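Read through the structure below, which is laid out as structure tokens, and then see the notes.
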Amino acid sequence: MTSIHEQYKNLLAQSDFTGEISESKQDILEHSTDESIFAIEPQLVIYPKNVSDLQIAVRTANALHKAENPIHLTARAAGTGLSGGSLNDSVVVNTTRHFTTIHSVEKTKTGARMVVDTGVMHLDLEKKMDKLGVYIPSYPASKDICTIGGMVGNNAAGPDTLRYGHTAAFVRQLDVVLHDGNAYTITPLSWNDFEKELKRDDALGAIYRHVWELLLHDEESVLNDRPKTAKNSAGYALWDVVSTTVEEFMKGRGVFDLTQAISGSQGTIGIITKITIDAVHKNTSDKLVMIPIFDLDQAGLVIDELLQHKPHSVELFDKATYSAALRNPGFFKKRLTGMSYYKVILKMYTNYIFKFKTKTPEFIILASIEESEKKSVDVIVREINKKHGAKAIHVTNPTESEMFWQIRRASYLLSKTQSNTMRPAAFLEDMAVPPKNLPAFFKEIQELFTKYSVHAFIHGHGGNGHLHFYPLLDFTDPKTAPLIPTMAQDFFETAVKHGGNICGEHNDGIIRTPYLDMMFDKNALDMFEKFEHVCDPQDIFNPGKKVNPRFTVAKNIRHTN
Ligand SMILES: Cc1cc2nc3c(=O)[nH]c(=O)nc-3n(C[C@H](O)[C@H](O)[C@H](O)COP(=O)(O)OP(=O)(O)OC[C@H]3O[C@@H](n4cnc5c(N)ncnc54)[C@H](O)[C@@H]3O)c2cc1C
0 MTSIHEQYKN
10 LLAQSDFTGE
20 ISESKQDILE
30 HSTDESIFAI
40 EPQLVIYPKN
50 VSDLQIAVRT
60 ANALHKAENP
70 IHLTARAAGT
80 GLSGGSLNDS
90 VVVNTTRHFT
100 TIHSVEKTKT
110 GARMVVDTGV
120 MHLDLEKKMD
130 KLGVYIPSYP
140 ASKDICTIGG
150 MVGNNAAGPD
160 TLRYGHTAAF
170 VRQLDVVLHD
180 GNAYTITPLS
190 WNDFEKELKR
200 DDALGAIYRH
210 VWELLLHDEE
220 SVLNDRPKTA
230 KNSAGYALWD
240 VVSTTVEEFM
250 KGRGVFDLTQ
260 AISGSQGTIG
270 IITKITIDAV
280 HKNTSDKLVM
290 IPIFDLDQAG
300 LVIDELLQHK
310 PHSVELFDKA
320 TYSAALRNPG
330 FFKKRLTGMS
340 YYKVILKMYT
350 NYIFKFKTKT
360 PEFIILASIE
370 ESEKKSVDVI
380 VREINKKHGA
390 KAIHVTNPTE
400 SEMFWQIRRA
410 SYLLSKTQSN
420 TMRPAAFLED
430 MAVPPKNLPA
440 FFKEIQELFT
450 KYSVHAFIHG
460 HGGNGHLHFY
470 PLLDFTDPKT
480 APLIPTMAQD
490 FFETAVKHGG
500 NICGEHNDGI
510 IRTPYLDMMF
520 DKNALDMFEK
530 FEHVCDPQDI
540 FNPGKKVNPR
550 FTVAKNIRHT
560 N
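0 is the number of the first residue of the sequence shown in numbering that gives the first Met the number 0; add one for each residue after it.
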């Protein structure tokens, strides 16, 4: 441990800090990886017990920090992130031990409003939401292993984002410890309230004034900087802070809502302690349409057609994923209980033999469509088949439906079961293009995989043109690390060429921050840097993520699979 971290540890121990401070080998190792391709050992791990502990941790770091001898704080929740957002070589602040209280879950007209500590597991909140028949529609596929704070930190998204948007769309209030060590409640503000808040003489006031000046003088360019794809978690979403236009807002319409830029900021602005978040009623009338795709050009046309019917989700997974499921029935044993396990597995094989006639499609598309009075799902299915020569099926059997969704939700973990000597590498896993460009984009991606002689698993959110590519790579092989930046450059260029984005939902982290200039112009990058600097002048919070890349991609690659 460096001497500044030794000093930090001693100062915390002598202060009123009541949480745990650890430099144990096990803690350091556990916090040196997440689900990304990186491995970076922190010097210390701290587990604050309450907001006051966090304030002490921030103030102590601020007092000790020197640019030439820095101390940094990185918030970490469940550590399931895929971009390396929770990794740091200084101090990791783990919130999952003590920030775990669900304060309230109250029914509302549209669903429920919930107040939770940042480290609450989604799974635990889901048990309460289930009782009310509500859910957070931006839930990620990792919903059983991640926290609400991590969902906000990454601005996570999932299948139903197609209709409902990212997690930020459900955030109503955030309690955050900012760089001055004070705790703030940040909430949407009307013009009248905002005018008063602009006069605050503290860290929050300075941030409000900075963002307001920016929007007042440069609103058009801020709005133009918003990526054009429906999904995005890159950069700071300053374009979403005013819900109307500046002019309208000053006339009293809409709100100024800084929570929209803090959501997805990966702990670079402050440490969130408490979250007020909304859930909506679950849709119980959704029908599942399954379309096996044997020809890629057909995929683009079918997705386009499905989108006309305003589906809740249009998801897909590839042949390799389906085959992995067929080879590993035991994988689902932990995920399904009692008879439902046997029923789902039996359905998987009978489907393969009788519906697919043992010829696995290149892709399987799953679309959730609400039955409308105008057009029944059966009519929609007939039309798709007639127009596009597809073999769409309205899945009416609940076990069959469960079988397809089980495979989709487990796509990433299934790819992990495929090799003991290789790991599905998360670095090409977050590109999104306009859905109509999917076939052309995908063909070029396939050519690139052939060029690099790499096999990849593919799944994703077809309706958003958002595909997760997971190439299988051996991280114990020294040739892997130098390959990553070269491949990233090639693949990201292809996404951008097809009107796309390199960061749909897993955020910038270590892997994408160095490549953000492919997506944003200098003006936008300057805007992000200035915003981050006002929020965190000493760069205490999670530096190197989102702006000013600090970790070299190839140098910090993990060496284990
Ligand atoms: C199998 C699998 C499937 C996945 N599927 C999806 C998916 O469908 N969609 C999706 O969006 N993501 C997905 N992910 C990525 C990840 O699981 C989610 O983004 C998740 O919400 C992260 O939650 P976490 O609790 O693990 O957060 P962490 O990984 O611990 O943290 C995420 C980020 O938030 C920051 N953060 C954490 N706590 C705080 C805090 N208190 N204050 C400020 N910042 C904080 C961290 O610094 C980090 O940058 C998947 C990952 C896996 C392994």
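For glycine and all other residues, C-beta sits at the position ideal for the given N, C-alpha and C.
A quick note: this is a predicted structure, and the numbers were derived from the prediction, not measured.
Legend entry - Proximal residues to LYS318 (C-beta, below 6 Å), its chain only, five neighbours per side dropped: THR359 and GLU361
Inset, instruction - Could you tell me which residues DSSP puts in a beta bridge with TYR207? - result: Note: TYR207 sits in no beta bridge, so no partner.
Legend entry - Option in ASP174, TRP211 and MET347 with minimal Cα separation from ILE271: ASP174
Legend entry - Simplified DSSP assignment, three categories, for PHE426: coil
Inset, instruction - May I ask whether a heavy atom of ligand 1 can be found less than 7 Å away from the beta carbon of GLN265? - result: yes
Legend entry - Cα-Cα separation between ASP256 and THR186, rounded to whole angstroms: 6 Å
Inset, instruction - Assign GLN537 to one of three DSSP states: helix, strand, or coil. - result: coil
Inset, instruction - Using 7 Å as the cut-off, classify the Cβ of LYS544 as near or not near the heavy atoms of ligand 1, replying yes or no. - result: yes
Inset, instruction - Identify whether LEU173 lies in helix, strand or coil by the three-state DSSP scheme. - result: strand
Inset, instruction - Could you tell me whether the region 218-228 touches the region 54-62, where touching means 3 or more Cβ pairs closer than 8 Å? - result: no
Inset, instruction - Please determine, among ILE352, ILE556, THR559 and ARG549, the residue with the shortest C-alpha to C-alpha distance to SER89. - result: ARG549
Inset, instruction - Identify which residue in ILE556, THR117, PRO434 and GLU125 has its Cα closest to the Cα of PRO481. - result: ILE556
Legend entry - Beta-carbon separation (whole angstroms), ALA76 vs THR117, contact threshold 8 Å: 7 Å
Legend entry - Alpha-carbon to alpha-carbon, GLN265 and VAL91: 13 Å
Inset, instruction - To the nearest angstrom, report how far apart ASN9 and THR59 are at their CA atoms. - result: 10 Å
Legend entry - Simplified DSSP assignment, three categories, for ASN68: strand
Legend entry - Cβ neighbours of ILE539 in the same chain (closer than 8 Å, five flanking residues each side left out): VAL57, ALA60, ASN61, HIS64, ILE70, HIS71, LEU72 and HIS178
Legend entry - Beta-ladder partner(s) of PHE316, from DSSP: ILE363 and HIS458
Legend entry - Bounding residues of the alpha helix (DSSP H) (the contiguous stretch that carries VAL380): 376-387
Legend entry - Within the region 423-507, ranges of the alpha helix (DSSP H) (whole runs, at least 4 residues): 437-450 and 479-496
Legend entry - Reference ALA455; option with closest CA among ILE147, GLN417 and ALA260: GLN417
Inset, instruction - Would you check whether ligand 1 has a heavy atom nearer than 7 Å to the C-beta of GLU314? - result: no
Legend entry - Which listed residue (ALA366, LEU124 and PHE293) has its alpha carbon closest to that of ALA389: PHE293
Inset, instruction - To the nearest angstrom, report how far apart THR95 and LYS250 are at their CA atoms. - result: 42 Å
Inset, instruction - Name the two residues that bound the continuous beta strand (DSSP E) containing ILE271. - result: 270-280
Inset, instruction - Quick one: which unbroken alpha helix (DSSP H) runs of 4-plus residues sit fully inside the region 21-108? Chain order, please. - result: 24-29 and 50-63
Inset, instruction - Take the Cβ of THR479 as the centre, count every other Cβ of all protein chains shown within 10 Å, and call the residue buried at 16 or more, exposed below. - result: buried
Inset, instruction - Using the DSSP secondary-structure output, state which residues sit across from MET289 in a beta bridge. - result: LEU365 and ILE392
Legend entry - DSSP three-state assignment for TYR235, whether helix, strand or coil: coil
Inset, instruction - Run the CB neighbour count on MET338, radius 10 Å, all protein chains shown included, and call it buried at 16 or more, exposed below. - result: exposed
Inset, instruction - Let me know the secondary structure DSSP gives MET421 once reduced to three states. - result: coil
Inset, instruction - Inspect the beta-carbon positions of ALA74 and CYS502 and report whether they are closer than 8 Å. - result: no
Legend entry - For LEU188: DSSP bridge partner residues: PHE255
Inset, instruction - Please name the residue in LYS127, ASP224 and GLY299 whose C-alpha comes closest to that of ILE363. - result: GLY299
Legend entry - ligand 1 heavy atom lying under 7 Å from the CB of CYS502: no
Legend entry - Alpha-carbon to alpha-carbon, THR166 and VAL546: 21 Å
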